[in-house]
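Per my numbering, the very first residue in the sequence shown carries number 186; after that it's consecutive. The beta carbon of each residue, even a glycine, is placed where N, CA and C say it ideally should be. All remarks here apply to the structure that follows.
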Amino acid sequence: MKLIDTHAHLNLKSSYKKEEIPEVIARAREAGVEKIINVGIDIKTSIRALELAQEYEGLFATAGIHPHEVKKINDETYPILKSLLDNPKMVAVGEIGLDYAKEYSPRKLQQEHFLRQLALARELKLPVVIHSRAASPDITGLLVTELPEKFVFHCYAGDVAEARKILDLGGFISVTGIITFPKGENIREVVRFVPLDRLMAETDCPFLTPVPFRGKRNEPAFVRYVVEKIAEVKKVPFEKCAEATTKCAEEFFGI
Numbered sequence: 186m187k188l189i190d191t192h193a194h195l196n197l198k199s200s201y202k203k204e205e206i207p208e209v210i211a212r213a214r215e216a217g218v219e220k221i222i223n224v225g226i227d228i229k230t231s232i233r234a235l236e237l238a239q240e241y242e243g244l245f246a247t248a249g250i251h252p253h254e255v256k257k258i259n260d261e262t263y264p265i266l267k268s269l270l271d272n273p274k275m276v277a278v279g280e281i282g283l284d285y286a287k288e289y290s291p292r293k294l295q296q297e298h299f300l301r302q303l304a305l306a307r308e309l310k311l312p313v314v315i316h317s318r319a320a321s322p323d324i325t326g327l328l329v330t331e332l333p334e335k336f337v338f339h340c341y342a343g344d345v346a347e348a349r350k351i352l353d354l355g356g357f358i359s360v361t362g363i364i365t366f367p368k369g370e371n372i373r374e375v376v377r378f379v380p381l382d383r384l385m386a387e388t389d390c391p392f393l394t395p396v397p398f399r400g401k402r403n404e405p406a407f408v409r410y411v412v413e414k415i416a417e418v419k420k421v422p423f424e425k426c427a428e429a430t431t432k433c434a435e436e437f438f439g440i
């Protein structure tokens, strides 16, 4: 059964040493994970994601500036970003968005660069991977202003009402190991609501390790537990859920 981890960070050198990567990928393959998308959060990690995609079959990359990192943008950032995104192994712009929960970068700066990167995605006809924390009204408002061809809210943590707005705009929802947590009922409620053909699975590794591996470093192999929980919540066979979420991801990212 083929699975896809639509959002991983094997490109974070602080979490995955170079010599560990082959073993991590091998474990993913054993778990049925055939494709992994490593997501950039700044120029450095976007470059690393592309390096991994070029080195390993079945790995793909995205490039973007995370809202925490937009305060570091300089005159060289966007030319480099556009150059990276021209590579065929780059499958999306992201992760980009707004994060008002921590505000490591000023809100107005986050909004400015979210819009600018949305415009870049439209120009390059690429999907967008969105990071949204405590910023729902502004995110949806800005999306309408610069609506990309395709977009997914990664690591979705909102409610059904917000999910409905995202779907109405043509967006997709991606869920993490939070769905397996005892306190993850809000995510399970959203998963019951979202159609399978608009739903994806991710690890967001090394973070948010699913049950039964809480406390350990997350990795792409564990996306299987996310898909299993989606299947349980939606009361469909695992095979059907795996097929649907994989098809959704392949069509969304063009992989």
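{"Check": "Which residues share a DSSP beta bridge with I210?", "Outcome": "For I210, which the question treats as bridged, DSSP gives no partner whatsoever."}
{"Check": "Counting C-beta neighbours from all protein chains within 10 Å, is the total for T430 16 or more, i.e. buried, or is it exposed?", "Outcome": "buried"}
{"Check": "Just list the alpha helix (DSSP H) runs in the stretch 323-404, keeping only unbroken ones of 4 residues or longer that don't cross its boundaries, in chain order.", "Outcome": "345-353, 370-378"}
{"Check": "Assuming A193 contacts N223 (C-beta within less than 8 Å), just tell me the rounded distance between them.", "Outcome": "5 Å"}
{"Check": "How many angstroms separate the CA atom of R409 from the CA atom of S359?", "Outcome": "14 Å"}
{"Check": "With H, G and I counted as helix, E and B as strand and the rest as coil, what does DSSP make of V411?", "Outcome": "helix"}
{"Check": "To the nearest angstrom, how far is it from the Cα of S418 to the Cα of K425?", "Outcome": "For clarity, residue 418 is Val in the given sequence; the question names Ser instead. Spanning the two alpha carbons is a distance of roughly 13 Å."}
{"Check": "Helix, strand or coil for K420 per DSSP?", "Outcome": "coil"}
{"Check": "For F378 and E261, what's the separation of their Cα atoms in angstroms?", "Outcome": "43 Å"}
{"Check": "On the three-state DSSP scale, how would you describe L244?", "Outcome": "strand"}
{"Check": "State buried or exposed for N403, treating a residue as buried only when at least 16 other CB atoms are found within 10 Å of its CB.", "Outcome": "buried"}
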